[in-house]
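Single-structure report; data block below.
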Amino acid sequence: MGALAGSRGMTRFVQTLVSGCRGWLTVAALTLLAILAWRGEADARDLVITDMSQSAEEGEYTASFVLRGKPQTRILRLANPDRVAIDFIDTLSAASIAVPPDNGFVESIRHGLVSSNRYRFIFRLKRQASAAIRTEESPDGQVIILSIQPSDAAPAPVASVETPGAQPDATDSKQNAAKPERKLTIVLDPGHGGIDNGAVSRSGTHEKDINLELAFALRDSLLAKGGVRVVLTREDDTFIPLDARAAAGRRERADLFISIHADSIRQSALRGATVYTLSETASDELSRQVAAAENASDRFAGEEWQKEKPDVFDILLDLTRRETVSFSEHFATSLVHDLATRDIRLINRPKRSAGFKVLKAPDVPSVLVEFGFLSNRQDEKLLQDDAWRKEVAAATADAVMNFFGGTEQGGRRGCTAADECDKSTTKTAIDRPKAD
1 MGALAGSRGM TRFVQTLVSG CRGWLTVAAL TLLAILAWRG EADARDLVIT DMSQSAEEGE
61 YTASFVLRGK PQTRILRLAN PDRVAIDFID TLSAASIAVP PDNGFVESIR HGLVSSNRYR
121 FIFRLKRQAS AAIRTEESPD GQVIILSIQP SDAAPAPVAS VETPGAQPDA TDSKQNAAKP
181 ERKLTIVLDP GHGGIDNGAV SRSGTHEKDI NLELAFALRD SLLAKGGVRV VLTREDDTFI
241 PLDARAAAGR RERADLFISI HADSIRQSAL RGATVYTLSE TASDELSRQV AAAENASDRF
301 AGEEWQKEKP DVFDILLDLT RRETVSFSEH FATSLVHDLA TRDIRLINRP KRSAGFKVLK
361 APDVPSVLVE FGFLSNRQDE KLLQDDAWRK EVAAATADAV MNFFGGTEQG GRRGCTAADE
421 CDKSTTKTAI DRPKAD
């Protein structure tokens, strides 16, 4: 909390939220405090939607967002059904959202995180309409007003319109220079490694080796798409604790974290890929067994990695985690569909969930993919086959790009340095001391 203590403005804001609050609003304020302090980034601390109001008059619907700070925003149109969406970049929401008043344009409103750095409001339309946004200054930041009118009453919007956030000081030429858009960041996590072999087949194949080869193949497929930055949690036979893997996704500000595995189970007839997301309780007995096996990796970690986080920490981060899990669920569904259409073999009910430790980063959408079973001889043969690994990696890479294309991923984070986007697009996320 030290990072927040020095901010008088943020302290006043939190005091305003807590003052006179009861029940859920107090929890929301505390949650917001925890998230802001935990992220430890200036933009995430300062950019907050504090209130949202709606009004309806004949011929127009408006939604006004009161913001602390000046975030970058983006308006876009979504089809089937017809919707208007507004994205707030690197912004959190502490606003209470009411049901739309009687009006001729907006049927319903949904909102939440759609990636680790974008908070989106979606307005489902009753009829064809045009939408536009305008900005007004306020003492603490801005008021952004969304206006929806009949199509013939205002010009039709382009697919995506961006408004700049707070502008840099014009006296600083380096700050004033245009910064290139940061690439989509995908963190790949080859499971196990080092003293942790993972599953071992009857013939002696180690899961840790299969996972690394699959990660290399997926990295190459993603980089071939362009516009992607790929980070690996390991690139060699090294053991990494589960918490360190999850932390890598947060540190790299990943848009998506994919943990890569190949399972083993007593029922040797079971084969095919499975996509897992995080849940407090396992969706079924198989998921429970798989999560228990994967979580057991930390038996090789030191005591500092095996300590459980305080329960209050989980409670305070529940709001963000809930939104992140929802995003992860959507991606898992999309990935299962795309793998099936490419004739990649899947188990029955291929989308499952359980309490995987490696998926617990509260603000990074995460999935764990078991690409097959080393306990099945046919799957083992495929997992060892370079051509098959390239095929399944290509299908997974296509699924990633299709998914982010479909969610209008274009408004990604800006680079933190003017030349950052020109640097290598692949790296290892875990920094380890060199051997003496």
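Residues in the sequence shown are numbered from 1 upward in steps of one, following full-length UniProt numbering.
Beta carbons: idealized from backbone N, C-alpha and C, even for Gly.
Only exposed fits GLU58, as fewer than 16 other CB atoms lie within 10 angstroms of its CB. CA-to-CA, the gap between VAL275 and PHE331 works out to about 10 Å. In the DSSP assignment, ILE265 falls outside any alpha helix (DSSP H) and carries neither an H nor an E. Where GLY405 is concerned, the enclosing alpha helix (DSSP H) starts and stops at 386-406.
Taking the Cα positions, ASP398 is about 15 Å away from ASP255. In this structure, the CA atom of GLU207 is about 26 Å from the CA atom of ARG251. VAL66 sits away from ILE86, with the two beta carbons spaced by 9 Å or more. The three-state secondary structure of VAL336, taken from DSSP, is helix. Relative to SER108, the option among PHE121, SER96, ASN117 and VAL114 whose CA is nearest is PHE121. Burial state of ASP386 is exposed, judged by a 10 Å Cβ sphere holding fewer than 16 other Cβ atoms.
About 5 Å separates the CB atoms of VAL358 and ARG245; that is less than 8 Å, so the two are in contact.
No Cβ-Cβ contact shorter than 9 Å links THR341 with LEU218. By the neighbour-count definition (other C-beta atoms within 10 Å, threshold 16), THR205 is a buried residue. One thing to note: PHE356 has its Cβ no nearer than 9 Å to the Cβ of GLY272.
Sequence-distant partners of ARG345 (beyond 5 residues in either direction) whose C-beta falls short of 6 Å from its own C-beta, in its chain, are GLY272. Counting only residues of its own chain and dropping the five nearest sequence neighbours on each side, HIS192 has a CB closer than 7 Å to the CB of GLY198, GLU207, LYS208, ASN211 and SER297.
Looking at GLU285, VAL84, ASP102 and GLN128, the one whose alpha-carbon comes closest to that of ARG110 is VAL84. Under the three-state reduction of DSSP output, ARG251 falls in the helix class. With distances taken between CA atoms, ILE258 lies nearest to LEU222 out of ALA292, LEU222 and GLY227.
The alpha carbon of GLY69 has as its nearest neighbour, out of SER53, ALA79, PRO241 and PHE88, the alpha carbon of PHE88. Excluding five sequence positions before and after ALA269, the CB atoms of its chain that fall closer than 8 Å to its own CB belong to ASN376, given in chain order. Per DSSP, reduced to three states, the secondary structure at ILE109 is strand. Membership of ALA129 in the beta strand (DSSP E) is indicated by the continuous run 129-138. In this structure, DSSP gives THR205 a state outside helix and strand, which the three-state scheme calls coil. For the pair ILE240 and ALA132, the Cα-to-Cα distance works out to about 48 Å.
Under the three-state reduction of DSSP, ILE344 is assigned to coil, being neither helix nor strand. About 16 Å separates the beta carbons of ALA79 and PHE105, which is beyond the 8 Å limit, so they are not a contact pair. Under the three-state reduction of DSSP, LYS183 is assigned to coil, being neither helix nor strand.
Taking the C-beta atoms as reference points, THR277 is found no nearer than 9 Å to VAL231. Comparing alpha carbon positions, the residue from ARG234, SER334, PRO139 and SER203 closest to LYS381 is SER203. In the DSSP secondary-structure assignment, GLY69 is bridged to GLY141. If only complete runs of 4 or more residues are kept, the region 345-386 shows the alpha helix (DSSP H) at 377-383, in order along the chain. In the structure shown, ILE97 adopts coil according to DSSP, grouped into three states. Cβ contact annotation for ARG134 (same chain, cutoff 6 Å, sequence separation greater than five): ILE145, in chain order. In this structure, LEU188 is the residue among ARG253, ASP196, LEU188 and GLY226 with its C-alpha nearest to the C-alpha of THR233.
With a 10 Å radius around the Cβ and a threshold of 16 neighbouring Cβ atoms, ALA292 comes out exposed.
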